[in-house]
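The sequence shown begins at 1 in our numbering and counts up by one. Quick reminder that beta carbons are idealized off the backbone N, C-alpha and C, glycines included.
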Amino acid sequence: MASKAFNRRHFLGGAAAVLAAPSVGLAQGANVLKFVPQTDVAVLDPVWTTTYPTRDHGFLVFDTLFGMDGQYRMSPQMLDGALTGDDGKLWTLTLRDGLKFHDGSRVLARDCVASIRRWGARDAFGQALMAATDDLSAPDDKTIRFRLKYPFPLLPDALGKSSPSMCAIMPERLAQTAPTERITEMVGSGPYKFLVADRVPGALMAYQRFADYVPRASGTPDWSAGPKVAHFERVEWRIMPDANTVLGAIRNGEIDWWYTPDADLLPAVRRLRDVTTKVIDPTGWISTMRLNHLVPPFDNPALRRAVLSFVSQSEFMQAQTNEPELWKDGVGIFCPGTPLANDAGMEALTKPRDIGAAKEAIAAAGYKGEKVVVLGASDIAASRALSDIGADLLKKMGFNVDYQLSDWGTLVQRRAKTEPVEQGGWNVYHTFWSGTDMFTPAGHAFLRANGRSAGPGWPTIPGLETLRDDWFKAPDLAAQKEIARRIQTLAFQDVPYVPLGQRFFPTSYRNNLTGVLNGNPVFWNVRRG
């Protein structure tokens, strides 16, 4: 039976290195899937951070109420169904039978309510949903009820989003942890259990198939929607920072799947007859430069505009890959090729670059030579390329740059600091966002401009917040598109971040693997064929 998209007016449902060293051992000999991620997982809590390795770890361990298919449609996942009423202001969600957490306890509605509340305090889309919510309750063990202040038809899209931060359902006792604190105990209800005793930071993450997981009985596996059938008894993430070591390991069958081969090694990987290399995420990744609005000098919008005026997206993209088919420039605030992508204000990015004008602009803005701390990740080649170019660009403009490299995990922890640079703070970092994160204002974290409640960078731009609220209440797509143009115009004026282009990252896996799904790297449906 084919999986159905979510219809917001009708009831849906079922019934109504060794470790770190070069040799990692042959993958084919056991019921073990060996995967090499981009980098290690520094933070285990998929609600606390927006990093993609943590999101991918989260989908192994946790489940979500809704799932998203390849057409970006939502359907029930942990739910048996969903019912709307009161002109869209009442939502009643019913849990499936047989759901259990990894500690053996039943998944109850109150666990879901607590999980939604914690997630809704941190996630951009979740914050919008909670702002629309008058009351969220669990009237019985299987029922989750939203009473809304006004209709919020995107409720399934929020609860089922596959981008960070996912609405991970966890036991109430864990979900009652303050949103500002990290959860370290990994108890979910997903298809795999996290093996904390096997974890070796910087070398290994391991997961065991959860015997009591009950996949959906119907539907087709597609992105995060449909049945999540775990075929491997164990999944291992091998952290291998040296790309040449990974190349040798996948060639020799010592690993099964290399998530993002380095750009300069792609030709060599493509020559391997026993390895498939392809793009599985058609929305790509949007490269960004994030400026810290809390501390000088980029608390000054004129200086942020000066940086925007001197950015060349093609330069940032070419630093990552020499294959033109794997990147695009001319990228605005919304993901290219999606309904809200538009050309409003794009001259800020597309006009000729002028170093003289850029230097004059920062002088006119009153730059006083303050140190500009640029954080860079040394263990992810594509990220390192972005930060190298960004640091050099700022130096050329005349900024007093202090370029500080670390591994990505350390950078993630460092970027959470709100203190001045003299106290360990920062001014600039570069990162990627999945194109799915930038479809709309709903999940676009870098468009949040509500100060310290926003993500690292913490912009305060009331006009953006107002336009975002207007977008949620827009009556149709035409109205949404018009608001999106105004959002982009204002974003290029006040610069919550700088878009740097769109990049497509191929993934590589041994040909004896079947069932690798499009979208995020997920580990259900994959088997050795």
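Buried versus exposed call for residue i [16 or more other C-beta atoms within 10 Å across all chains shown]
i, result
"P521", "buried"
"S218", "exposed"
"N322", "exposed"
"Q488", "buried"
"R415", "buried"
"Q413", "exposed"
"D320", "The question names Asp, but residue 320 is Gln in the sequence shown. Classification of Q320: buried, given that the 10 Å Cβ count is 16 or more."
"Y429", "buried"
"Q313", "buried"
"T222", "The sequence given here has Asp at residue 222, not Thr. Burial call: buried."
Own chain partners of residue i with C-beta closer than 6 Å, once the 5 adjacent residues on each side are dropped
i, result
"Y497", "T288, R290, F446"
"A361", "A306"
"R528", "N512"
"N518", "G70, I280"
"V61", "M186, G188, G190, F194"
"T177", "I183"
"A382", "Q320"
"P261", "V269, S508"
"R452", "W458"
Proximal residues to residue i (C-beta, below 8 Å), its chain only, five neighbours per side dropped
i, result
"V32", "F232, E233, R234, V235, E236"
"Y72", "T436, F439"
"P456", "R290, N292, R415, A416, Y429"
"R117", "M130, L136, A175"
Inter-residue Cα distance where the pair is residue i and residue j
i, j, result
"D343", "D469", "22 Å"
"D40", "G88", "42 Å"
"G330", "L349", "7 Å"
"M240", "R510", "17 Å"
"T460", "T143", "38 Å"
"V107", "V113", "11 Å"
"L411", "T431", "11 Å"
"Q28", "N252", "Caution is warranted here: a pLDDT of 46 is assigned to Q28, below 50, making its placement in the model unreliable, and the coordinate value is therefore given only provisionally. Answer to the nearest angstrom: the Cα atoms are 10 Å apart."
"D103", "M166", "21 Å"
"K368", "K359", "13 Å"
"V526", "L405", "36 Å"
"G472", "G345", "Correcting the residue identity first, residue 472 is Phe in this sequence and not Gly. Going from the Cα of F472 to the Cα of G345 covers about 22 Å."
"A84", "A203", "Sequence check: residue 84 is Thr here, not Ala. Answer to the nearest angstrom: the Cα atoms are 47 Å apart."
"N244", "V196", "29 Å"
Proximal residues to residue i (C-beta, below 7 Å), its chain only, five neighbours per side dropped
i, result
"P336", "K328, Q502"
"I286", "V331, C335, F432, W433, G435, M438, P499, Q502"
"V401", "V372, V374, A391, L394, K395"
"D256", "A27, L33, K34, F35, Y509, R510, L513"
"S378", "R384, L405, S406, D407"
Expected contact under 8 Å - CB spacing of residue i and residue j to nearest Å
i, j, result
"T64", "I183", "In fact, because the Cβ distance is near 16 Å, the residues do not count as touching under 8 Å."
"L148", "D134", "6 Å"
"D494", "P301", "5 Å"
"A225", "G126", "That pair is no contact at about 20 Å."
"W426", "K228", "With 8 Å as the limit, W426 and K228 do not qualify as a contact, their Cβ atoms being about 38 Å apart."
"A128", "L340", "In fact, because the Cβ distance is near 16 Å, the residues do not count as touching under 8 Å."
CB contact check: residue i to chain B, cutoff 8 Å
i, result
"A124", "Absent from the structure: chain B. Only one protein chain is present."
Which whole runs of the alpha helix (DSSP H) in the stretch 328 to 414 are 4 residues long or more, in chain order?
347 to 350, 355 to 364, 381 to 397, 408 to 414
Considering only residues of the stretch 33 to 105, which uninterrupted alpha helix (DSSP H) runs meet the minimum length of 4 residues and lie entirely inside it, listed in chain order?
52 to 61
Whole alpha helix (DSSP H) runs in the stretch 108 to 133 with 4 or more residues, listed along the chain?
109 to 120, 124 to 132
Every unbroken beta strand (DSSP E) within the stretch 282 to 332, with a cutoff of 3 residues, ordered by chain:
285 to 291
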